[in-house]
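Asker: Chains as they are written, first to last, in the working numbering: chain A, 1 to 105; chain B, 106 to 656.
Glycine included, C-beta positions come from ideal geometry on N, C-alpha and C.
1. Please return the same chain residues whose Cβ sits closer than 7 Å to the Cβ of residue 403(B), not counting the five positions on each side in sequence.
2. Under a Cβ-count criterion, where at least 16 other Cβ atoms within 10 Å of its own Cβ denotes burial, should residue 552(B) be classed as buried or exposed?
3. Can you check whether the C-beta of residue 2(A) is within less than 7 Å of a C-beta belonging to chain B?
4. For a test of the three-state rule: what should DSSP assign to residue 49(A), helix, strand or coil?
5. Cα-Cα, which of 351(B), 506(B), 538(B) and 562(B) is closest to residue 530(B)?
6. Any contact between the stretch 176-185 of chain B and the stretch 133-149 of chain B? By contact I mean 3 or more CB pairs, one from each, below 8 Å.
7. Could you pull out every residue in the same chain whose Cβ sits closer than 7 Å to the Cβ of residue 102(A), ignoring the five residues on either side in sequence?
8. Go ahead and pull the three-state DSSP assignment for residue 188(B).
9. Quick one: what's got a C-beta closer than 6 Å to residue 337(B)'s C-beta in the same chain, skipping five residues either side?
10. Give a yes or no on contact between the stretch 448-466 of chain B and the stretch 180-198 of chain B, applying the rule of three or more CB pairs nearer than 8 Å.
11. State the Cα-Cα distance for the pair residue 194(B) and residue 593(B), rounded to the nearest angstrom.
12. Have a look at residue 124(B) and residue 23(A) and give me their C-alpha separation to the nearest angstrom.
13. Give every residue of the same chain whose Cβ lies closer than 7 Å to the Cβ of residue 247(B), excluding the five residues on either side of it in the sequence, and list them in chain order.
14. Which whole-angstrom value is the C-beta distance of residue 170(B) and residue 475(B), which I expect to be below 8 Å?
15. Put residue 550(B) into one of helix, strand or coil per three-state DSSP.
16. Nearest to residue 167(B) by CA position, among 239(B), 419(B), 421(B) and 589(B), is which residue?
17. Should residue 126(B) be flagged as near chain C, meaning a C-beta pair shorter than 7 Å?
18. Rank 83(A), 46(A) and 77(A) by C-alpha distance to the C-alpha of residue 56(A) and give the top, closest one.
19. Within 7 Å of any Cβ in chain B, is that where the Cβ of residue 61(A) sits?
20. Considering only the beta carbon of each residue, do residue 515(B) and residue 509(B) sit closer than 7 Å?
21. Given residue 636(B), which residues of its chain have a CB within under 6 Å of its CB, disregarding the five upstream and five downstream residues?
22. Helix, strand or coil, according to DSSP, for residue 5(A) in the structure here?
23. Would residue 298(B) count as contacting chain A if we go by Cβ distances under 7 Å?
24. Using a C-beta to C-beta distance shorter than 8 Å, which residues of chain A count as neighbours of residue 522(B)?
25. Name the chain A residues whose beta carbon is nearer than 7 Å to that of residue 202(B)?
26. Over what stretch of residues does the beta strand (DSSP E) that includes residue 158(B) continue unbroken?
27. If you follow the beta strand (DSSP E) that residue 558(B) is part of, which residue opens it and which one closes it?
28. Show which residues of chain B have a CB atom less than 8 Å away from the CB atom of residue 102(A).
29. If the criterion is Cβ atoms closer than 7 Å, does the pair residue 53(A) and residue 12(A) meet it?
30. Would DSSP call residue 37(A) helix, strand or coil?
31. Cα separation between residue 471(B) and residue 309(B)?
32. Exposed or buried, what is residue 282(B) when buried is set at 16 or more other beta-carbons lying within 10 Å of its beta-carbon?
33. Taking Cβ positions only, does residue 66(A) come closer than 7 Å to chain B?
34. If you count every other CB in all the chains shown that lies within 10 Å of the CB of residue 62(A), and 16 or more means buried, which is it?
35. Name, going along the chain, the residues of the stretch 368-392 of chain B whose beta-carbon falls closer than 9 Å to a beta-carbon of chain A.
36. From residue 5(A) to residue 526(B), what does the alpha carbon distance come to, in whole angstroms?
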C-alpha cells in the first residue's frame with residue numbers, strides 16, 4: 001500500500017475520507033461533517049472529488065490540536081451506505097493488526 | 106553492567122522534565138505538531154498506524170534485570186502488555202499514549218533507561234556484539250568503547266542535526282555478530298603489531314533504498330584517537346552530506362559518490378586538525394569507564410559438570426543446547442541465546458510476564474544480566490553449565506526455549522504493514538507462516554544454518570538485503586508483492602543478496618521459500634554444506650529455475 005506520507009498530489013478516484021491520529025493518545029480517527037473527529041468510520045465525512053477533498057483536508061490540518069498527520073484515504077460506500085476502508089492499510093488501521101497479539105486485549 | 110554516575114542520572118532526569126513540559130505545551134496547543142515532531146522524535150516517539158510508538162534505547166544491548174522489569178512495567182502499565190525487540194538493540198512499544206509518555210519515561214529513568222538517540226537525524230544508539238565481554242577470543246570488551254562514544258555523542262550539538270540518522274556498531278571478535286558492515290560507521294577492535302588497542306574503521310555501509318556494504322577507510326586508528334577520527338568523519342559528512350534529498354542524505358551515498366579514496370583524504374585532512382585536541386582520550390578516561398563495568402565473580406567450575414552429562418540423555422534438551430548454548434570465555438560457563446521466535450509468533454515480541462520472569466532467571470542464573478541481539482533474540486551471558494538443564498526447563502515453561510537459534514525459523518522481521526506507517530506490505534504474517542512450514546525441528550536441523558530476513562518496505566528495517574534468503578514486501582497495483590533475494594549475509598563476510606526473479610504474491614511466499622530450500626537440499630554436495638555455501642558455489646540460477654519453472 002502506498003504510504004500516505006508519500007502523497008504528493010490530491011487526486012481521488014472515488015469516495016474518500018480524511019483520517020488522522022488523535023493527538024493525546026494516537027488512536028485512529030476520521031474527520032466528520034460536524035468539523036470534529038470520530039473513532040467511528042461510519043461517522044466520517046465522505047468527499048467525492050478533489051475540491052471537496054482539498055477543503056476537508058485543509059480544515060483537518062487546521063485542527064492541529066485535535067489530531068495529527070491527516071491525509072485522504074479511499075473508502076468504499078455500499079448500497080446501504082455502509083462505509084468500508086478502501087485498501088489493506090486502512091483496513092488494518094480500522095480493525096487492528098492482522099496477526100494475533102502476544103497479549104489479547 | 107555499567108554503573109551510571111550522577112552526571113548520567115541528572116541528564117536523564119532533566120530530559121524527562123523537559124519532555125514533560127513539551128508534551129504539556131503540545132496538548133494545550135502552545136506547540137504545533139510541526140514544532141513538536143522533532144522534539145518527540147528526539148525522545149523516541151513515532152506516529153505509527155494505530156498509535157504512537159515509543160522506542161527505548163538499550164545501549165550496546167546490555168540490560169540489568171531491574172531494567173528489564175522496568176520495561177515489563179511500561180508494557181503492562183502504559184501499553185498492551187508486550188514489547189518488540191528491534192534489529193538495533195532497542196525495544197518498541199506500539200500503543201503508547203502521548204499524554205502518558207512523560208510518566209513512562211520517568212519510570213524508566215529510575216533505572217537509568219531513556220529513549221535518547223533512538224530516532225531523529227542524530228547519532229543513534231551505539232550497538233555492539235550481544236556477547237561482548239564474554240565471547241572467547243575477543244580483543245577486549247567492546248562496550249567500553251561503545252560507552253565512550255555514547256557519552257561523547259549524547260546530546261552533542263554537532264551530532265544532533267545531521268543530514269540523516271547515523272548509526273555506529275562495534276565488535277571485538279573475528280566473527281561479527283554486530284553487523285558492522287551495514288552501519289554508517291563500523292568499528293572492529295584490533296591490536297596492532299605493538300600490541301596496542303585500536304580499530305579498523307569502516308564507513309558507508311547501510312541498507313534501505315540504496316544498500317552498500319561498508320568499506321574500510323582506515324586499517325588502524327589507535328584507541329586514544331577514535332573520538333577525533335569519528336568526529337572527522339562526521340564533520341566531512343556534515344559538510345558535504347545531502348540535505349536536499351532525504352533519499353541521498355545518508356553517508357553511504359556520499360562515500361559512494363566521492364569514492365572511498367577521496368572521502369578518506371577529506372577525513373584525513375580534517376582529522377589532522379583535531380586529532381591532538383581535547384578529543385584525544387587519556388588512558389584514565391578509558392580506565393574509569395572500564396572500572397564502571399561490573400563483571401561477575403565467576404566460580405571455578407568444571408567444563409562438563411554432572412548435571413550437563415545427565416541432561417544430555419534428553420533429546421529435547423540436547424536439541425536446545427546445540428542451538429542455543431555457546432562457549433564462554435570462562436570455563437564452566439556458557440552464553441545462552443533465548444529465542445524470541447516461537448513457532449507461529451511475531452519475531453522479537455516478548456510479553457511483560459516473560460520479561461519479568463526472564464529478569465528473575467537472569468538474577469538466578471546470569472548474575473542479573475540480559476543481552477539483546479540485532480537478530481531480535483535475547484541472551485543470558487553468564488550461565489554456569491551446571492545450571493543449563495534447570496534454566497532450559499524454566500525457559501520452556503515461559504515459551505522461551507524454542508530450539509531454533511540460527512535455523513530457518515529464527516527469522517528477522519520488521520513490524521511491517523501491521524504496525525508501521527512507512528510499510529507497503531506485511532512482514533509478520535509471512536514470518537509466522539514460514540515458521541509453521543518449517544516447524545519440524547528435524548527438518549530445520551537438516552537444513553542447518555539459514556537466516557531469513559523480511560522487510561515490509563524498502564527502508565529495510567528487517568535487513569532483507571543481508572538475509573541468506575531476503576524477502577522484501579512492496580506494493581503493486583494495490584496488492585502486496587514480495588521480492589526474493591538469496592545470498593545476502595550480515596557477518597564478517599557481509600554481502601547483499603541477489604534478486605531471483607519477479608515478485609510473488611502474499612500467499613505464494615512460503616511456497617517459494619520451500620522451493621528454494623528443497624532446491625538447496627537437492628543441490629548441496631554433503632550435509633555439512635550450508636545454504637550459503639551452495640549459493641556461493643552455484644549462484645542464483647538453479648534456485649531461480651526451481652522457483653519459476655512452474656510459475
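Answerer: On the basis of the supplied data:
1. 435 and 438
2. buried
3. Unreliable positioning characterises residue 2(A) in this predicted model, as indicated by a pLDDT of 49, which lies under 50. A coordinate reading is not provided.
4. coil
5. 562(B)
6. no
7. none
8. Three-state result, residue 188(B): strand.
9. Result list for residue 337(B): 372, 375 and 376, in chain order.
10. Because the criterion of three Cβ pairs below 8 Å is met, the stretch 448-466 of chain B and the stretch 180-198 of chain B touch.
11. 21 Å
12. 16 Å
13. 233, 234, 237, 275, 276, 277 and 294
14. 7 Å
15. Of the three classes helix, strand and coil, the one that applies to residue 550(B) here is helix, per DSSP.
16. 239(B)
17. This model lacks chain C altogether; the protein chains it does include are A and B.
18. 46(A)
19. no
20. yes
21. 555, 573 and 625
22. Low confidence applies to residue 5(A): its pLDDT is 48, below 50, so where it sits in the model is not reliable enough to give any reading.
23. no
24. 1, 88, 89 and 92
25. For the C-beta of residue 202(B), the chain A residues within less than 7 Å are, from N- to C-terminus, 24, 25 and 26.
26. 157-162
27. 557-560
28. Annotation: Cβ neighbours of residue 102(A) in chain B (cutoff 8 Å, chain order): 186, 187, 450, 451, 454, 455 and 456.
29. yes
30. strand
31. 37 Å
32. buried
33. no
34. The C-beta of residue 62(A) has fewer than 16 other C-beta atoms within 10 Å across all chains shown, which makes the residue exposed.
35. none
36. Residue placement at residue 5(A) is flagged as unreliable, the pLDDT there being 48, under the threshold of 50; the coordinate-derived value follows with that caveat. Those two C-alpha atoms are separated by around 8 Å.
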